[in-house]
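Only one structure is covered here, and it is reproduced in the block below.
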Amino acid sequence: MSDENMSRWTKTALRLLAVPAEMVVSAHGLPGLVSAGGIMLEAVAPERKRDADEFAGVVIAFVGRDKLFEIVQSDDERREMLWTGAMASMATGVEGKRIVMARVVANAMTSDEPIDDAQLMLWALAQLEAPHFRTLTLLRDVHDANLGEKNLSDAILAFLRTQHYSVLATLARTGVVRQGSEKYSTGLYTATFADTLGISGISDFGRELLADLESADTRY
6 MSDENMSRWT KTALRLLAVP AEMVVSAHGL PGLVSAGGIM LEAVAPERKR DADEFAGVVI
66 AFVGRDKLFE IVQSDDERRE MLWTGAMASM ATGVEGKRIV MARVVANAMT SDEPIDDAQL
126 MLWALAQLEA PHFRTLTLLR DVHDANLGEK NLSDAILAFL RTQHYSVLAT LARTGVVRQG
186 SEKYSTGLYT ATFADTLGIS GISDFGRELL ADLESADTRY
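This note's numbering numbers the first residue of the sequence shown as 6 and each following residue consecutively.
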């Protein structure tokens with residue numbers, strides 16, 4: 006790829022790779038992203054560069070280029086969020102995920118409140134992809150369709166046993182599902198099973214994540 010054809014984002018990233026400590030704002034407005042790896046970003050697929058541009062564009066539109074530059078120079082945690090979001094945006098095929106991650110990062114950049122919740126949401130989103138979102142959505146639907154019914158736990162268990170174990174493991178690791186025995190009557194609790202990792206339903210955190218994705222009109 007010739008220098009003339011490289012996007013402004015790519016040129017900036019390559020300068021950062023050459024001088025890892027430098028924090029730069031490119032002509033496109035993407036704040037400096039620091040990497041010690043020496044990865045040749047010219048080889049990154051054009052689609053992935055567009056994904057990063059999309060992520061950066063949302064953040065910059067919300068925060069402002071100059072303000073964002075000030076923040077990433079002075080705040081390690083927020084700079085790490087920006088880096089995590091940018092990398093995850095290039096690694097996902099779910100457009101809504103990129104949009105939601107950008108919103109989460111942008112809100113964290115301008116919030117005067119602790120950013121713990123935003124960091125947790127960004128971390129979870131970075132781990133989850135289309136198969137996980139589909140399973141989580143179906144789990145929510147099964148739960149809501151059987152809420153108040155005596156067979157709620159059986160319906161959830163039957164559904165979970167149709168899903169890939171590794172998908173369930175990722176859902177459990179990211180905290181978007183509930184795990185453990187649930188009380189359904191006085192002195193009575195649901196049983197847990199190893200093959201479904203003891204998952205008993207969707208968590209409030211999982212519902213929030215899905216609501217954010219659906220607000221971005223996500224298709225997965």
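In this text, a Cβ means the ideal position worked out from N, Cα and C, and glycines have one as well.
Quantities reported herein were computed from a predicted structural model and do not represent experimental measurements.
For Lys188, the secondary structure class from DSSP, reduced to helix, strand or coil, is strand. Taking C-beta atoms under 8 Å as the contact rule, Thr197 and Leu165 fail to qualify, at a distance of about 11 Å. Secondary structure at Ile120: coil, using DSSP grouped into helix, strand and coil. Under the three-state reduction of DSSP, Ser208 is assigned to coil, being neither helix nor strand. Note on geometry: alpha-carbon atoms of Ala131 and Ser186 lie some 28 Å from one another. In the same chain as Asn112, and ignoring 5 residues on each side of it, the C-beta atoms closer than 7 Å to its own belong to Ala123, in chain order. Rounded to whole angstroms, Asp146 and Thr140 show a C-alpha spacing of 10 Å.
For Phe138, the enclosing alpha helix (DSSP H) begins and ends at 135 to 150. By the neighbour-count criterion, in which 16 or more other beta carbons inside 10 Å mark a residue as buried, Thr179 falls on the buried side. Spanning the alpha carbons of Ala221 and Leu193 requires a straight line of approximately 40 Å. If you draw a straight line from the Cα of Phe67 to the Cα of Val99, it is about 21 Å long.
From the listed residues Gln168, Ser171, Leu144, the smallest Cα separation to Ser158 is found for Leu144. With respect to Val181, Ile204 sits apart: the two C-beta atoms are not nearer than 8 Å. In chain order, Gly180, Val181, Val182, Arg183 place their CB closer than 8 Å to the CB of Ser208, counting only its own chain and leaving out the 5 sequence neighbours on each side.
The beta carbon of Asp217 lies closer than 7 Å to those of Val105 in the same chain, with the five residues before and after it left out.
The continuous alpha helix (DSSP H) containing Lys54 extends over residues 51 to 68. In this structure, the straight-line span from the alpha carbon of Gly101 to that of Leu214 is close to 11 Å.
Residues of the same chain with a CB within less than 8 Å of the CB of Ile161, apart from the 5 flanking positions on each side, are Leu144, Val147, His148, Asn151, Ile204, Ser205, Gly206 in chain order.
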